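A.B. asks: Residue numbers (my numbering), protein chains in the order written: chain W, 6 to 168; chain B, 3 to 979. Please see the structure below; I have some questions.
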Amino acid sequence: MSSDQEAMERVERELIAALAEDVVRAHAPEELPLLRATAEAYFETPEAVLRRVIGKDETLGFGASDVVALAPYALTVASAVVTFLAQQAIAVTQEAGAGTAQGLLERWIDRLRGRRPDDDAFTAEQLRKVRDVAYSKAIQLGLPSDEATVLADATAGGIATGG
Amino acid sequence: MCEGDGVAASPQRSRRLDPFALPSDGGLRFGTLGLAVAGATMSIYGVIWTTSDPAWHERDQCTSFRWDGFDAPPSYVTDTDCIAAASRHTAVWMLAGLVLLVLVAAVIYRSWPAFKLRWDRLQPLTDDDAPGVEAALAELAGVAGISPSPRYSWNPLNATNSAVAFGHGREHHVALSGGLVSRFYADRELFDAVVLHELAHVRNGDVRITYATMALSRAFVAVAFVPIVIGWIVPMLRGFGMVHQNTELPGVVARLAVVSALVLLMRSAVLRARELYADARASLSGRAASGMRRLLEAMPDGGDRRWWRAALSVHPPASQRRRVLDDTTALFRFGIVEALATGAAAGIALASLASAFAALAGENVGFAAPPPSAPAQAAAAFLVLLPAAVVLAIAAARCALAKAARADADSPLRLGVALGAGVVIGGDLSSVSVGPSGSNELFLIAWSAALVAAAVALAFAAVGATLAWLSRARGRADWRRRIAFRVVGSTLLFAAAGAALFAVGTPIDQALADDEEGAAIFGSAADPLAATQTAAADALPGVPLRVAAVLAFAVLIVVAMVGAIAARRARNTGMPEWLLIPDRADAPRPRDVSAPAAWRSARLAGAPAHARVWQPAARVGELVAGRRLMPGEVVAAVSGALLFGLTFAPWYGSASAYNSYEYTKQTLVAAALLPCVVVGLRALADRFAASRIGVIRAAVSSVAASRIPDAAVAFVGVVVIGMVVLSPGDDPTYVVRDEALGFGLFAGVAALCGIAGGSLLAIRQVPRLGRARAPARTLAASGRRHGITRGEMVAAFGGVLFTAFLFVNWYWDESAWHSFGWVKYPLVVPAAVAIGVAIPRPTTFWVVQSGAPAVTTVALAASLIVLVGVWATAGDVGELSERVETYLPLPVAATGTVLLLAFARGALLDLVLVVAVALAIALILLPTGPTWSGEQMGRDDWSAGVHLGLGALGLIAVGAIAALCERTAAARRRRGT
């Protein structure tokens, strides 16, 4: 992996963590103490969120299977959104012929962190696409429609408002 | 009140029973499962070896053909030393299979935690990852009383609210989901509840034994199940050698499939029970109780799951778990299905171990080999029945406490019957036959009944010991000490009695088989009876062994009776303090355990039982008391039963159609005589003791009260007996009539006296007894109560009429040959009618009442079709027997499933009908074969007649039991209890 790719990946992860943190802070603040460890585990094996490893009827388990944590889902949805944004960034920079996708993503991160004025605001169309991506991913994760809507709105809202 | 002061005061009545005050049966049930798995594996490796080329050639060399000239029949000579060597090779394979199983299981067990940690991506739970959680977990371990604390891990990406305990040896792990850890910050009560539930598994000792059993099961699949299935379905394995007698393999595989399913179901059942125990343990802590309640209320119930999902699930429905939080008596129950499964597991293990012991001793083992010797069977039986006995004793003791406290619990009778039946069924499921082979049905039935009786006696002994010592114990330790001797003694006695049964069963069965075979070979040319009786006497087990068996039984029954009497004396004792959990005040009140009225009647019949315990003896006593029978009448009834048995036995054992003909009539006369004597005595006693109403007046009032059916019953009785005794018909060919006639005259005259007296009594008693006492009306009402349709009633009535018609034909037939043919038909027809009536009922019951068990229904129907197909296409009786032996497990399993369900749901009538189906199928179809001819009566046909007669008797017996139970239920309803 080249250094550019590594840098891009680092930036993407930072953006994912920032997005997820916004969502968790808004909707499940009690999970904030666990978010760092959860994010580390997620980046190590992103596909693991799709596996419910401690199931409903596991031997000597408790027998419950209701989903109560938001962070893993927020991370996964944020990841899908960031992938989408990265593709958009590459397209934008190639079209403009100036700057890099990585730089654009870093500016978005600064926006999310509140370190940058609102000079790169997303259009309504872009936000709608982001929300669609987030909603599709949430449904793919098996969340009910209402919960997927909340998660998608929160993710798109985080991008729109910059946290 | 200080601990152990005995009777619980009223405030205690609302408290829960402490399920941990008494030992639990969970570990031993797992142990029985392990034995079954080990036994099945050894059996499979024995099969693998004996069907291989080397084994085949080795055995082939052990037998040589000897021809002694034209004057003597050719014969085969077997080298016993050679056979012994071959058998030892089989034993080596069996032991190798066992060793392999244990090794693989040990590897799985040992490596499972590491595998799980890796597979589930679990990582150590540190304070950096989840601040504050580590300290809270340490505190909870202290609350649960666990030291050292287990190792905690978590998967942050698992968003569910769950946890799981696992580990091996003393190394315990508790894995938490990320969702659960997040509850630590949001809802501490829920977090504590789930964690304490998992810690309860650790505290209850579930982790070690559960994962050990699962490792054994997985190893079984890998080293036994897969190889035998591959050996069956892949004939290319000729190179490996499993080529000989492959026709046997389908049967082995079918049995194996049933065994595997049984093991799986048992494992799930035990795990479900352990979950309830964990809930109960966790709820002992006030911190977890409300959290658990909230969690369980939010959880989908799961009670509407498909039956097979429910059966395989390792967690009970949430509603059941919630109930345990209020009332722990569910943990004191032990259902008949569990008892039957435990018995079946023991039976499977027993047969396999016996085969292994026999192989080690150099006995001939393998396909078509005789059953293991008596010592091998006895040793295996003792080893296997001991843990099964402990399970039964603990279960019966706990059920007794639950029953005495407040709950409905299965009776020791049902538990004992189920466990005993399970042992018989399990032995049959195994590919090795132990005990009687079924060549003599009467002995097989008696043998099985003895085994069941021993189990019942053990259960009663355990109940007695439990209740008798309950009030005297000053604490749980003291209680255990006090009860230990009696329960341990009873279990040892049961194991000894069972071992003795298995030791004597096969030789006697063999002797009886030789008897029949000898008679068939020699025919009437010699005196087969004397010859075969001598042979049978030689083959019988030694006197000391037989005496020991009888002694073991006698002592066991005496212990059971003493225990039951002691339990009765302690019936007013409430729950001692140490048996109650000092917490809740909203649980149901315990039942009053004061002496019920039923006990008095049970005592009349000498039934030594605790009155709250359901048992036939008590019910018989109740009926006796209700009808105010006198002791003399009871004696007469018992004598009549003995007379019937004595007449029936020689009929059954008779080697010729001629003698059978005589005995048949005598048996029928004796059967008719039995009720007549009882009723006649009753009439005389009543007439002389309390003559309050004139006979003629009573008759008139009876007719006026429309008691015509009763009069008709009495009339038919008179006519039938009169026909049998007074008009025996023309002299049949070859039959010595004098003896039979003399006996028949004597019996018939006595019977007529009895009938006359009974009829008078019936008429006389009608006004006092009321409508419900009329037999015909009672029968009709009972039918309506149990939902028997009119069509079914008509079918049954038609069958009776047709039977009567055939009976008359039989009676008037001139020839013994023809007469013998006729006697088959009257016995076949009721059985056929029973089948016609019975098959739709359990099927309907199954489909309508139990949810949607379409698969099982189809399986049952398919198995019956297969069975009939096998019967119909077999070329001769030998082929039929061979096929039936191969395919029998299928219908047995399917029928057994339906039967179990009916039994478990208390649908007694359905149970009876299903039993009738099973009996009819087994006794009519299987031994008869397609070549049955009414005119050409050879030995096989005679044998078929015997089977049919037994089938009819079985139907009569189960019908009588059903009637008894129905009457008891009706009496109970009348009393309003």
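In this text, a Cβ means the ideal position worked out from N, Cα and C, and glycines have one as well. The structure presented is a predicted model; accordingly, all values stated were derived computationally and were not measured.
Measuring alpha carbon to alpha carbon, tell me which residue in B:508, B:400 and B:138 is nearest residue 449 of chain B.
C.D. replies: The shortest C-alpha separation from residue 449 of chain B is found at B:508.
A.B. asks: Taking residue 127 of chain B as the reference, which of B:301, B:156, B:274 and B:379 has the closest Cα?
C.D. replies: The shortest C-alpha separation from residue 127 of chain B is found at B:156.
A.B. asks: Which chain B residues sit within Cβ distance under 7 Å of residue 72 of chain W?
C.D. replies: Here the neighbours are 161, 162 and 181.
A.B. asks: Rounded to whole angstroms, what's the CA-CA distance from residue 356 of chain B to residue 99 of chain B? Just pull it up for me.
C.D. replies: Whole-angstrom Cα-Cα distance: 16 Å.
A.B. asks: Measuring CB atoms only, is the region 380 to 394 of chain B touching the region 97 to 114 of chain B, in the sense that at least three cross pairs come out at less than 8 Å?
C.D. replies: No: fewer than three Cβ pairs fall under 8 Å.
A.B. asks: What residue does the alpha helix (DSSP H) around residue 288 of chain B start on, and which one ends it?
C.D. replies: That run of the alpha helix (DSSP H) goes 288 to 300.
A.B. asks: Name the one or two DSSP bridge partners that residue 157 of chain B has.
C.D. replies: For residue 157 of chain B, which the question treats as bridged, DSSP gives the partners B:179.
A.B. asks: Okay, do the region 329 to 349 of chain B and the region 49 to 69 of chain B touch, 3+ Cβ pairs below 8 Å being the bar?
C.D. replies: Verdict: no, contact absent.
A.B. asks: Cβ of residue 303 of chain B less than 9 Å from any chain W Cβ?
C.D. replies: Output row for residue 303 of chain B: interface = no.
A.B. asks: At 8 Å on the CB atoms, spell out the chain W contacts of residue 59 of chain B, in chain order.
C.D. replies: Going along chain W, no residue has its Cβ under 8 Å from residue 59 of chain B, so there is no contact; the nearest lies around 46 Å.
A.B. asks: Please state the DSSP three-state secondary structure of residue 52 of chain W.
C.D. replies: Residue state, collapsed to three classes: helix.
A.B. asks: With which residues is residue 172 of chain B paired in a DSSP beta bridge?
C.D. replies: None, per the DSSP bridge assignment.
A.B. asks: Between which residues of its own chain and residue 195 of chain B is the CB-CB distance below 7 Å, once the five residues before and five after are set aside?
C.D. replies: Once the five neighbours on either side are set aside, the close Cβ partners of residue 195 of chain B are 284, 290, 293, 294 and 297.
A.B. asks: Would you call the region 181 to 193 of chain B and the region 91 to 110 of chain W in contact, with 3 or more CB pairs under 8 Å?
C.D. replies: In short, these stretches do not touch, since the Cβ pair count stays below three.
A.B. asks: Kindly indicate if chain B contains any beta-carbon less than 9 Å away from that of residue 62 of chain W.
C.D. replies: So yes, residue 62 of chain W belongs to the interface.
A.B. asks: Anything in the region 185 to 206 of chain B with a Cβ closer than 8 Å to a Cβ of chain W? List those residues in chain order, please.
C.D. replies: Listed by position along the chain: 185, 187, 188, 196, 199, 200 and 203.
A.B. asks: Classify residue 73 of chain W as helix, strand or coil using the three-state DSSP reduction.
C.D. replies: In this structure, residue 73 of chain W counts as coil in the three-state DSSP scheme.
A.B. asks: Going along chain B in order, which residues have a C-beta closer than 9 Å to the C-beta of residue 161 of chain W?
C.D. replies: Chain B residues near residue 161 of chain W: none, gap ~21 Å exceeds 9 Å.
A.B. asks: Could you confirm whether any beta carbon from chain B is found closer than 9 Å to the beta carbon of residue 41 of chain W?
C.D. replies: For residue 41 of chain W, the answer is yes, since a Cβ of chain B falls inside 9 Å of its Cβ.
A.B. asks: Find the residues of chain W that neighbour residue 268 of chain B, judging by a C-beta separation of less than 8 Å, and give them in chain order.
C.D. replies: By Cβ distance, chain W contributes nothing, its closest Cβ being about 14 Å from residue 268 of chain B, past 8 Å.
A.B. asks: Quick one: measure Cβ to Cβ for residue 65 of chain W and residue 166 of chain B, integer angstroms, because I've assumed they're closer than 8 Å.
C.D. replies: Between residue 166 of chain B and residue 65 of chain W the Cβ distance is about 6 Å, and since that is below 8 Å, they are a contact.
A.B. asks: Determine the DSSP secondary structure at residue 166 of chain B, reduced to helix, strand or coil.
C.D. replies: The answer is strand: DSSP assigns residue 166 of chain B an E or B state.
A.B. asks: Hey, out of B:348, B:163, B:351 and B:377, whose CA is closest to residue 994 of chain B's CA?
C.D. replies: Shown here, chain B extends from 3 to 979; a query on residue 994 of chain B therefore has no answer.
A.B. asks: Please list, in chain order, all residues of the same chain as residue 140 of chain B whose beta carbon is under 8 Å from its beta carbon, the five residues on each side excluded.
C.D. replies: Same-chain partners within the cutoff: 151.
A.B. asks: Using the DSSP secondary-structure output, state which residues sit across from residue 66 of chain W in a beta bridge.
C.D. replies: DSSP output for residue 66 of chain W lists B:166 as bridge partner(s).
A.B. asks: How would you write the range of the alpha helix (DSSP H) that residue 990 of chain B sits in, first residue to last?
C.D. replies: The structure shown does not extend to residue 990 of chain B, since chain B is modelled only from 3 to 979, so the question has no answer here.
A.B. asks: Quick one: residues in its chain with C-beta nearer than 6 Å to the C-beta of residue 124 of chain B, no 5 flanking neighbours on either side, listed in chain order?
C.D. replies: If we look at residue 124 of chain B and ignore the five residues flanking it on each side, its Cβ neighbours are 155, 157 and 177.
A.B. asks: Leaving out five residues before and five after residue 398 of chain B in sequence, what residues of the same chain have Cβ atoms less than 7 Å from its Cβ?
C.D. replies: Closer than 7 Å at the Cβ level, and outside the excluded window around residue 398 of chain B, lie 414, 417, 461, 464 and 465.
A.B. asks: Looking at the structure shown, is residue 174 of chain W part of a helix, part of a strand, or coil, going by DSSP?
C.D. replies: The structure shown does not extend to residue 174 of chain W, since chain W is modelled only from 6 to 168, so the question has no answer here.
A.B. asks: Indicate the three-state DSSP secondary structure (helix, strand or coil) for residue 105 of chain W in the structure shown.
C.D. replies: Coil at residue 105 of chain W, not helix or strand.
A.B. asks: Tell me, please, whether the region 39 to 50 of chain W touches the region 141 to 150 of chain W by the rule of three or more beta-carbon pairs shorter than 8 Å.
C.D. replies: No, because fewer than three Cβ pairs between the region 39 to 50 of chain W and the region 141 to 150 of chain W fall closer than 8 Å, the two stretches do not touch.
A.B. asks: For chain B, check one thing: does any of its Cβ atoms lie closer than 9 Å to the Cβ of residue 58 of chain W?
C.D. replies: Note on residue 58 of chain W: pLDDT 44, under 50, position unreliable in the model; the coordinate value appears next. Yes, residue 58 of chain W counts as interfacial toward chain B.
A.B. asks: Using a threshold of 9 Å, state whether the C-beta atoms of residue 374 of chain B and residue 359 of chain B are closer than that.
C.D. replies: Against a cut-off of 9 Å, the Cβ pair of residue 359 of chain B and residue 374 of chain B comes out as a contact.
A.B. asks: At a threshold of 8 Å, does residue 109 of chain W count as lining the ligand GTP (C-beta to nearest heavy atom)?
C.D. replies: Because no ligand of any kind appears in the structure shown, any question about the ligand GTP cannot be addressed here.
A.B. asks: Let me confirm a value: residue 228 of chain B is counted as buried when at least 16 other C-beta atoms fall within 10 Å, else exposed. Which label applies?
C.D. replies: Residue 228 of chain B comes out exposed.
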